[in-house]
Amino acid sequence: MVERVQPGDAIHPGKPVTVDRYGVGARINHWITAASLILLGISGLALFDPSLFFLTALFGGGQNTRALHPWIGVVLFLSFFIFFFQLWRANLPAKVDWVWLSKFRDIIGGHEENLPELGKYNAGQKFIFWSMTFLILVLIASGIVIWEQYFAEYITIPVRRIAVLAHSIAAVLIICIFILHVYAAIWTRGTLRAMTRGSVTGGWAWRHHRKWLRELAGQRKIGPAE
Amino acid sequence: MSDSPRTAVSNPPTQPMASNLGQQDLVRRSATKDLPPPERQLTPVAKLIDVSKCIGCKACQSACVEWNDTTPAVGENVGVYTNPHDLTENMFTLMRFTEWVNPETDNLEWLIRKDGCMHCADPGCLKACPAPGAIVQYSNGIVDFIHENCIGCGYCVKGCPFNIPRISKADHRAYKCTLCSDRVAVGQGPACAKACPTGAIVFGTKDDMKRHAEGRIADLKSRGYANAGLYDPPGVGGTHVMYVLHHNDKPHIYADLPDEPKISPVVQTWKGLTKYVGLAAMGFMAAGSLIHGVLARPNRVSKEDEENAEKLVEKVVAPPEERV
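Line order of the protein sequences matches chains W and L. Quick note on this note's numbering: the first sequence kicks off at 79 and runs consecutively. Quick note on this note's numbering: the second sequence kicks off at 7 and runs consecutively.
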């Protein structure tokens, strides 16, 4: 049984109805993850291609960029995996995800009326969640292998070569996923407030995650009016 | 003045002289795409190490430490002559001692190889380096690390087919043999070559060194070393440090000297395909999002959506009377 409703999610009657989606802890954690990922992207790209090396200036030069990047990676890893354990159940794949995905044209066209009712996350969000999970695991593992300052002496050079290749490929992919995540949140209006104020409007929940809304209503998870 | 020294044995001039090796002589500069072509072509130089003449005295190591003013840590005797046990950021060259039993003759052969940067014509370190100008290659073939530009990432270590660069734990910068570029710049040969008492290390133009090696190889062959030859591996475009090996058919017996060194295909993929496909993919994602953002209508919540939600919630909050 896929868990669609999560502890803390609740409906507040009113005009409009609002629905709590993320608690304050989850939101703080999300923004730590986001900030780390952006800083990692910038510092990593600076060392990825010479044309972007100038970005090291943002971190106080090449030496500082090299020293800081892995530590930011550790922060990302920890914050993401706190997040992961809160969200993974709600992101388990369901049959309806395949139906939803098969209507790709309706998804990108915004014709939500043709799409099936969904729980807390749609297949796109689940894809982003699991891609991030997988890529962050690859990045932290390969990143430790190529962390020259502390781990170089324990790892053979051929292994380090493979790790640096894996690290750069995973980094490219996670930047693509990141762009998809940010763009989807902007294009789907009313989404960003879930990560700022923590709640969405009832209409947003009705439109995009109706099964989740029905379930909250069905379980009478209703808080005070706003 | 000739553009490059022809020998390591000449004594230095007593009058001060200007450096004859500079920015204008660079043929490659790490992480630099638009390097202007060099104004002149220096005569390629090379150091030739004849392992058959080496007596393992380590004068070259001492001279290297002296000239480069490094201070290798006091080592520990673990029962082998190799000392220190590996190249370090303070030891740019190292005599590696191997006890090898020749299966054909059943003789013990004591192989001594002076390890250090090979100054590849196609340097893997330079290819891997992400920091502009941290690694340079001069038109005479010398590959040099410019420490003030080094960021200590260790990419050169991954790029090098010979396992040469070492990263200092003190200042987080990479170090290796410079082929005494600062001596060569003023008409001198490398310190190790100058110090070698048997002439096992010689220095000059690459052509001269190849010619010298031919004589040595002919001599070795006449003494029964049928496979004697010159180690100038083509996989890295040739090197500006070459060996005369009495067993050139199996370089690996000399403390794991690579038989066919070349830049690892993993490094090539990382620095080639991954970079271009990766930048294109990220650009495509960003551009795709932007175009969709401009052309497609945003996915907005409608008024009916809000009303439907309100109706749903009302039903739950104020259930019909009859249900009680």
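Glycine included, every Cβ here is placed at the ideal spot set by N, Cα and C. Computed from a prediction, not measured in an experiment: that's the story for all the values here.
Contact test: residue i Cβ vs the ligand COA heavy atom, cutoff 6 angstroms
{"i": "Gln164 (chain W)", "result": "Here there are no bound small molecules, and the ligand COA is not part of this structure."}
Rounded C-alpha distance that separates residue i from residue j
{"i": "Ala228 (chain L)", "j": "Arg222 (chain L)", "result": "A small correction: the amino acid at residue 228 (chain L) is Ser; Ala does not occupy that position in the sequence shown. Cα to Cα, the separation comes out at about 10 angstroms."}
{"i": "Val272 (chain L)", "j": "Ile240 (chain W)", "result": "6 angstroms"}
{"i": "Leu296 (chain L)", "j": "Gln141 (chain W)", "result": "34 angstroms"}
{"i": "Ala88 (chain W)", "j": "Lys204 (chain W)", "result": "21 angstroms"}
{"i": "Asp188 (chain L)", "j": "Leu93 (chain L)", "result": "21 angstroms"}
{"i": "Lys198 (chain W)", "j": "Gly278 (chain L)", "result": "41 angstroms"}
{"i": "Ala14 (chain L)", "j": "Cys186 (chain L)", "result": "11 angstroms"}
{"i": "Leu174 (chain L)", "j": "Lys182 (chain L)", "result": "As written in the sequence, residue 174 (chain L) is Ser, which differs from the Leu given in the question. Cα-Cα distance, rounded: 11 angstroms."}
{"i": "Cys198 (chain L)", "j": "Cys66 (chain L)", "result": "4 angstroms"}
{"i": "Leu263 (chain L)", "j": "Asp121 (chain L)", "result": "9 angstroms"}
{"i": "Ile259 (chain L)", "j": "Val250 (chain L)", "result": "14 angstroms"}
{"i": "Arg285 (chain W)", "j": "Cys131 (chain L)", "result": "55 angstroms"}
{"i": "Ala206 (chain L)", "j": "Thr111 (chain L)", "result": "25 angstroms"}
{"i": "Gln297 (chain W)", "j": "Phe212 (chain W)", "result": "33 angstroms"}
{"i": "Phe290 (chain L)", "j": "Trp208 (chain W)", "result": "22 angstroms"}
{"i": "Met7 (chain L)", "j": "Ala140 (chain L)", "result": "In this prediction, Met7 (chain L) scores a pLDDT of 48, lower than 50, which makes its location untrustworthy; no coordinate-derived value is stated."}
{"i": "Asn254 (chain L)", "j": "Cys166 (chain L)", "result": "21 angstroms"}
{"i": "Lys39 (chain L)", "j": "Asp127 (chain W)", "result": "10 angstroms"}
Any chain W beta carbon closer than 7 angstroms to residue i
{"i": "Arg306 (chain L)", "result": "yes"}
{"i": "Pro136 (chain L)", "result": "yes"}
{"i": "Val86 (chain L)", "result": "no"}
{"i": "Leu236 (chain L)", "result": "no"}
{"i": "Ile297 (chain L)", "result": "no"}
{"i": "Thr94 (chain L)", "result": "no"}
{"i": "Met288 (chain L)", "result": "yes"}
{"i": "Cys159 (chain L)", "result": "yes"}
{"i": "Lys164 (chain L)", "result": "yes"}
Simplified DSSP state of residue i, which is helix, strand or coil
{"i": "Val330 (chain L)", "result": "Here Val330 (chain L) scores only 44 on pLDDT, less than 50, and its place in the model should not be relied on; the value that follows carries that caveat. DSSP places Val330 (chain L) in coil when its eight states are reduced to three."}
{"i": "Pro25 (chain L)", "result": "The sequence as given places Ser at residue 25 (chain L); Pro does not occur at that position. Here Ser25 (chain L) sits in coil by DSSP."}
{"i": "Glu312 (chain L)", "result": "helix"}
{"i": "Ile89 (chain W)", "result": "strand"}
{"i": "Ile259 (chain L)", "result": "helix"}
{"i": "Gln143 (chain L)", "result": "strand"}
{"i": "Ile61 (chain L)", "result": "coil"}
{"i": "Thr245 (chain L)", "result": "strand"}
{"i": "Tyr181 (chain L)", "result": "strand"}
{"i": "Tyr237 (chain L)", "result": "strand"}
{"i": "Phe209 (chain L)", "result": "strand"}
Neighbour flag for residue i against chain L, beta carbons, 7 angstroms
{"i": "Pro85 (chain W)", "result": "no"}
{"i": "Phe131 (chain W)", "result": "yes"}
{"i": "Thr234 (chain W)", "result": "no"}
{"i": "Gly202 (chain W)", "result": "no"}
{"i": "Ser220 (chain W)", "result": "no"}
{"i": "Trp265 (chain W)", "result": "yes"}
The beta strand (DSSP E) enclosing residue i, as first and last residue numbers
{"i": "Trp106 (chain L)", "result": "Leu100 to Asn108"}
{"i": "Tyr231 (chain L)", "result": "It is not in any beta strand (DSSP E) - Tyr231 (chain L) carries neither H nor E in the DSSP assignment."}
{"i": "Ser277 (chain W)", "result": "Ser277 to Thr279"}
{"i": "Leu193 (chain W)", "result": "That residue, Leu193 (chain W), is in no beta strand (DSSP E); it is neither H nor E in DSSP."}
{"i": "Cys150 (chain L)", "result": "Looking at the sequence itself, residue 150 (chain L) is Asp, so the reference to Cys does not match. Looking at the DSSP string, the run of the beta strand (DSSP E) that includes Asp150 (chain L) is Val149 to Phe151."}
{"i": "Ile55 (chain L)", "result": "Val51 to Asp56"}
{"i": "Leu117 (chain L)", "result": "Asn113 to Asp121"}
Sequence-distant residues of its chain with Cβ nearer than 8 angstroms to residue i (five each side left out)
{"i": "Ser68 (chain L)", "result": "Ala201"}
{"i": "Thr77 (chain L)", "result": "Val71 and Asn96"}
{"i": "Val153 (chain W)", "result": "Ile110 and Ser114"}
{"i": "Ala303 (chain W)", "result": "His90, Pro91 and Gly92"}
{"i": "Gly243 (chain L)", "result": "Cys126, Ala127 and Asp128"}
Terminal residues of the alpha helix (DSSP H) in which residue i lies
{"i": "Phe163 (chain W)", "result": "Gly140 to Leu165"}
Contact with chain A by residue i, beta-carbon distance below 7 angstroms
{"i": "Glu105 (chain L)", "result": "Checking the listed chains, one finds no chain A in this structure; the protein chains it contains are W and L."}
Own chain partners of residue i with C-beta closer than 6 angstroms, once the 5 adjacent residues on each side are dropped
{"i": "Cys123 (chain L)", "result": "Ile170, Lys182 and Cys183"}
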